[in-house]
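Asker: For the sequence shown, the working numbering gives the first residue as 4, with consecutive numbering after it.
The beta carbon of each residue, even a glycine, is placed where N, CA and C say it ideally should be.
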Amino acid sequence: MTVASGAMAEAITAWTGLLGPERVLSGDAVRQRFGPGTAPTTPAVPVVLLPTTEAEVQAIVLTARHHRTPLYPVSTGHNWGYGDASPPVDGAAVVDLSGLNRIVEVDAELGLVTLEPGVTQSQLWQYLADHGIALLVPLTGAGGSCSILGNALDRGFGQTPTQDHFLAVTTLRAALPDGRLYESPLAALGAPTAAKVHKWGLGPYTDGLFSQGHFGIVTQMTIALEPKPAEATQVTFQVTHDHDLTAALTGLQQVVRQMPTALGRILLSSDVHYLARNKPYPSADVPAGGTLSPAQIRQMMGKKAHIRWFGFTMLYGEPGLLAAVVPIMRRELKGRVTPVRAFSWSLVRLWQRLLTYLPAIGPVRAELAACRAFEVTAFEPFDRNLRLAYWRANVPVPEGPLDPGRDGCGVLWCAPVVPFRPAAAAASSAEAEAICRAHGIEPQMRLVLVSSRQIDLLLPVVFDKRDAASTATAQACYKALFDAGRQHGYLPYRMNSQHMDHVIDPEAPFWQLLADFKHSIDPDDLLSPGRYGLTRRTGPGRGVAATWSGGGPTHDTGNGARPPPGRIRGVAA
Numbered sequence: 004m005t006v007a008s009g010a011m012a013e014a015i016t017a018w019t020g021l022l023g024p025e026r027v028l029s030g031d032a033v034r035q036r037f038g039p040g041t042a043p044t045t046p047a048v049p050v051v052l053l054p055t056t057e058a059e060v061q062a063i064v065l066t067a068r069h070h071r072t073p074l075y076p077v078s079t080g081h082n083w084g085y086g087d088a089s090p091p092v093d094g095a096a097v098v099d100l101s102g103l104n105r106i107v108e109v110d111a112e113l114g115l116v117t118l119e120p121g122v123t124q125s126q127l128w129q130y131l132a133d134h135g136i137a138l139l140v141p142l143t144g145a146g147g148s149c150s151i152l153g154n155a156l157d158r159g160f161g162q163t164p165t166q167d168h169f170l171a172v173t174t175l176r177a178a179l180p181d182g183r184l185y186e187s188p189l190a191a192l193g194a195p196t197a198a199k200v201h202k203w204g205l206g207p208y209t210d211g212l213f214s215q216g217h218f219g220i221v222t223q224m225t226i227a228l229e230p231k232p233a234e235a236t237q238v239t240f241q242v243t244h245d246h247d248l249t250a251a252l253t254g255l256q257q258v259v260r261q262m263p264t265a266l267g268r269i270l271l272s273s274d275v276h277y278l279a280r281n282k283p284y285p286s287a288d289v290p291a292g293g294t295l296s297p298a299q300i301r302q303m304m305g306k307k308a309h310i311r312w313f314g315f316t317m318l319y320g321e322p323g324l325l326a327a328v329v330p331i332m333r334r335e336l337k338g339r340v341t342p343v344r345a346f347s348w349s350l351v352r353l354w355q356r357l358l359t360y361l362p363a364i365g366p367v368r369a370e371l372a373a374c375r376a377f378e379v380t381a382f383e384p385f386d387r388n389l390r391l392a393y394w395r396a397n398v399p400v401p402e403g404p405l406d407p408g409r410d411g412c413g414v415l416w417c418a419p420v421v422p423f424r425p426a427a428a429a430a431s432s433a434e435a436e437a438i439c440r441a442h443g444i445e446p447q448m449r450l451v452l453v454s455s456r457q458i459d460l461l462l463p464v465v466f467d468k469r470d471a472a473s474t475a476t477a478q479a480c481y482k483a484l485f486d487a488g489r490q491h492g493y494l495p496y497r498m499n500s501q502h503m504d505h506v507i508d509p510e511a512p513f514w515q516l517l518a519d520f521k522h523s524i525d526p527d528d529l530l531s532p533g534r535y536g537l538t539r540r541t542g543p544g545r546g547v548a549a550t551w552s553g554g555g556p557t558h559d560t561g562n563g564a565r566p567p568p569g570r571i572r573g574v575a576a
């Protein structure tokens with residue numbers, strides 16, 4: 004339990020007066036709020052603040068500035084595998100924004116929704132369904148309890164036509180570290196509707212500073228939604244061997260190039276990824292520090308033992324368009340993968356109607372379940388992918404909603420960006436698998452074909468966080484994966500909160516420029532210290548500490564003057 008003292012204790016007293024004691028959590032209530040989390044270690048958090056309005060967020064920031072106490076905002080705290088609700092450093096007050104959960108406005112004509120940080124995928128889906136609005140929720144594999152705003156700010160992606168979630172963000176509002184309220188430029192000029200339809204505004208694109216940034220607490224966002232299509236088609240295929248992966252990727256690259264509009268993200272999931280989503284882990288049959296053998300994998304795969312990679316995508320659009328797209332996919336993938344199978348939404352609906360009149364025997368129930376799975380995958384929030392976090396974490400999968408943080412699953416996501424060169428991508432996946440097996444980590448790998456130029460290699464490093472040896476092994480595996488990727492020039496598209504120091508170079512002008520920006524509005528580095536930037540608040544063993552040249556540990560030079568731009572000295576903390 005973390006006990007606050009000094010300035011933090013004074014700030015907590017002020018926040019309690021602002022929010023009331025029931026919305027200022029300390030001691031055991033902090034852990035109860037978020038559970039053990041998925042991160043290997045948990046930074047000390049003295050207090051969790053629970054605002055419900057934008058004005059309260061501004062007041063929290065002003066109080067922190069007055070007492071010089073650090074803050075770390077989270078939307079729902081469900082950023083599993085990327086740090087959950089854990090700050091990068093010890094001693095920061097967590098600002099839990101889940102209470103700001105208003106769907107402010109839905110413009111069905113323009114396909115725009117304005118919402119607050121606490122709005123989840125399930126909440127927005129239910130709202131659209133209840134009001135008969137035919138727009139698609141920007142879904143992720145993390146499930147319905149996760150924040151739409153939080154995922155977009157972290158540059159997450161999904162399977163529906165709204166694939167790049169921050170690209171779909173058109174405007175936002177944020178409480179700055181000095182308490183001012185930031186608005187996107189056109190909105191600030193009195194043209195809020197123009198701001199919502201024209202993402203780039205005027206002048207330099209400053210909204211981007213709040214994406215993977217630490218320049219303010221975003222309190223509201225407008226995001227563009229795609230219309231629910233007239234038809235959707237699920238396309239599946241398989242790759243039998245690893246040595247066929249290069250040929251399969253070559254064909255898939257042509258598919259992505261030819262039909263970017265109708266095509267959802269193409270996913271290639273390994274056999275181990277498939278097992279983690281569908282079968283319990285046979286702990287008793289795996290030696291300590293080992294992984295499943297090829298023979299064990301084949302046995303667990305059963306009738307699917309011949310499949311090494313499972314291919315999946317969704318097509319969205321008019322029936323005639325999709326009917327023309329599927330033959331193109333079959334042509335490009337012929338001889339490279341097993342036969343391409345396509346199941347349209349209208350066909351699934353027909354099967355649902357027919358099967359309801361048949362006896363409830365096993366095969367009929369299985370077909371109905373498959374139909375329901377198609378519907379969920381196409382349009383509704385789903386959390387089946389979260390089963391990955393439980394597989395090797397020595398944590399049973401609960402019957403109800405999945406919450407890896409609450410249940411104490413150990414997860415570190417490693418997600419390097421790999422250029423879409425088929426042979427190199429196949430080699431990278433093989434290297435990542437070898438690194439995992441060398442560390443006793445099951446390679447639950449998935450390849451996400453982001454575009455015809457980019458593949459994201461998604462790999463959850465899952466471990467038993469209650470076991471010190473397992474935790475240490477996971478940390479070592481993550482570092483080995485990161486170092487191997489860096490050697491090839493493949494770095495993650497996002498970092499977990501406790502490894503952001505891996506990408507910070509104090510001598511690089513990019514990081515120095517960010518530090519200059521940060522210093523201009525947050526000279527005491529109070530907002531999200533350690534998040535994607537140089538920080539003086541970084542504790543031992545975490546991140547990079549920065550001091551102004553000639554200025555010692557404080558933000559000025561000793562005479563009140565700011566040092567010249569770019570003159571930052573970083574030292575390992």
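Closer than 6 Å by C-beta to R534: which residues in its own chain qualify, once you throw out the five before and the five after it? Chain order, please.
Answerer: Answer for R534: P91 and H217, listed in chain order.
Asker: Nearest by alpha-carbon distance to F315: which of P73, L252 and A511 is it?
Answerer: Measuring from the Cα of F315, the nearest candidate turns out to be L252.
Asker: From the DSSP output, in three-state form, read off D87 for me.
Answerer: It is coil, neither helix nor strand.
Asker: Under a three-way DSSP split, which group does D274 fall into?
Answerer: Correct three-state label for D274: helix.
Asker: Going straight from the alpha carbon of V221 to that of T174, what length do you get?
Answerer: So the alpha carbons of these two residues sit roughly 11 Å apart.
Asker: Tell me whether H502 is buried or exposed, calling it buried when 16 or more other Cβ atoms sit within 10 Å of its Cβ.
Answerer: The residue in question, H502, is buried, as its Cβ has 16 or more Cβ neighbours within 10 Å.
Asker: Determine the extent of the beta strand (DSSP E) in which R344 is found, giving its start and end residues.
Answerer: Counting along the chain, the beta strand (DSSP E) containing R344 begins and ends at R344 to S347.
Asker: Grab the span of the beta strand (DSSP E) containing T316 for me, first residue to last.
Answerer: T316 -> beta strand (DSSP E) spans W312 to G320.
Asker: Would you kindly report the start and end of the unbroken alpha helix (DSSP H) that includes M303?
Answerer: From DSSP, the alpha helix (DSSP H) with M303 extends over P297 to M304.
Asker: Considering only residues of the same chain and omitting the five flanking positions on each side of A137, which have a CB-CB separation below 7 Å?
Answerer: Here the set comprises P230 and K231.
Asker: Excluding five sequence neighbours on each side, which residues of the same chain lie with their C-beta closer than 6 Å to the C-beta of R176?
Answerer: So the list reads E186, T222 and Q223, once near-sequence residues are dropped.
Asker: How close, in whole Å, do the beta carbons of V33 and I63 come, if the pair is a contact with beta carbons under 8 Å?
Answerer: That belief does not hold up - the Cβ atoms of V33 and I63 are roughly 16 Å apart, past 8 Å.
Asker: Report the rounded CA-to-CA distance for A12 versus P422, giving the unit in angstroms.
Answerer: About 49 Å.
Asker: Beta carbon of T474, beta carbon of G408: below 8 Å?
Answerer: Taking 8 Å as the Cβ cut-off, T474 and G408 do not qualify as a contacting pair.
Asker: Using CA coordinates, which residue listed in G292, A291 and W312 is at the minimum distance from R301?
Answerer: Answer by Cα proximity: W312.
Asker: Going by C-alpha to C-alpha distance, which of L462, G94 and A418 sits closest to G9?
Answerer: Considering only alpha carbons, the answer is G94.
Asker: To the nearest angstrom, report how far apart L450 and P283 are at their CA atoms.
Answerer: Going from the Cα of L450 to the Cα of P283 covers about 23 Å.
Asker: Counting beta carbon pairs with one atom in the stretch 461 to 478 and one in the stretch 417 to 437, are three or more of them shorter than 8 Å?
Answerer: As far as the Cβ criterion goes, the stretch 417 to 437 touches the stretch 461 to 478, which means the pair count is three or higher.
Asker: Is E335 helix, strand or coil by DSSP?
Answerer: In this structure, E335 counts as helix in the three-state DSSP scheme.
Asker: In whole angstroms, what separates the C-alpha of F37 from that of P330?
Answerer: The alpha-carbon atoms of F37 and P330 are separated by roughly 48 Å.
Asker: If V453 sits next to M332, beta carbons under 8 Å apart, how far is it from one beta carbon to the other, in whole angstroms?
Answerer: Actually they do not touch by this definition, with Cβ atoms about 18 Å apart.
Asker: For Q124 and P180, what's the separation of their Cα atoms in angstroms?
Answerer: Roughly 28 Å separates the two Cα atoms.
Asker: For C417, which residues does DSSP report across the bridge?
Answerer: Bridge partners of C417: L462.
Asker: Quick one: Cα of P24 to Cα of A96, how far?
Answerer: For P24 and A96, the distance between alpha carbons rounds to 15 Å.
Asker: Can you give me the Cβ contacts of L517 inside the same chain, cut-off strictly under 6 Å, excluding the 5 residues immediately before and after it?
Answerer: Closer than 6 Å at Cβ, skipping near neighbours: G536.
Asker: Can S296 be considered in contact with the ligand ATP, in the sense that its beta carbon sits closer than 7 Å to one or more heavy atoms?
Answerer: For the ligand ATP, the structure offers nothing, since it holds no ligand at all.
Asker: So, helix, strand or coil for Y185, using DSSP?
Answerer: Strand.
Asker: How should P401 be labelled, buried or exposed, when 16 other C-beta atoms within 10 angstroms of its C-beta is the threshold for buried?
Answerer: So P401 counts as exposed.
Asker: Closer than 6 Å by C-beta to A2: which residues in its own chain qualify, once you throw out the five before and the five after it? Chain order, please.
Answerer: The shown model of the chain, from 4 to 576, leaves out residue 2, and the question about it has no answer.
Asker: To the nearest angstrom, how far is it from the Cα of T16 to the Cα of P526?
Answerer: Their Cα atoms are separated by approximately 24 Å.
Asker: Can you look up S455 in the DSSP assignment and give me helix, strand or coil?
Answerer: Looking at S455 - three-state DSSP - the assignment turns out to be coil, as it is neither helix nor strand.
Asker: Can you find the residues in the same chain that come closer than 7 Å, C-beta to C-beta, to E383, ignoring five residues on each side of it along the sequence?
Answerer: For E383, where only same-chain residues beyond five positions count, the Cβ hits under 7 Å are W128.
Asker: If you follow the alpha helix (DSSP H) that Y481 is in, where does it begin and where does it stop?
Answerer: From DSSP, the alpha helix (DSSP H) with Y481 extends over A471 to H491.
Asker: For the alpha helix (DSSP H) that contains P384, what are its first and last residues?
Answerer: No alpha helix (DSSP H) holds P384; DSSP gives it neither H nor E.
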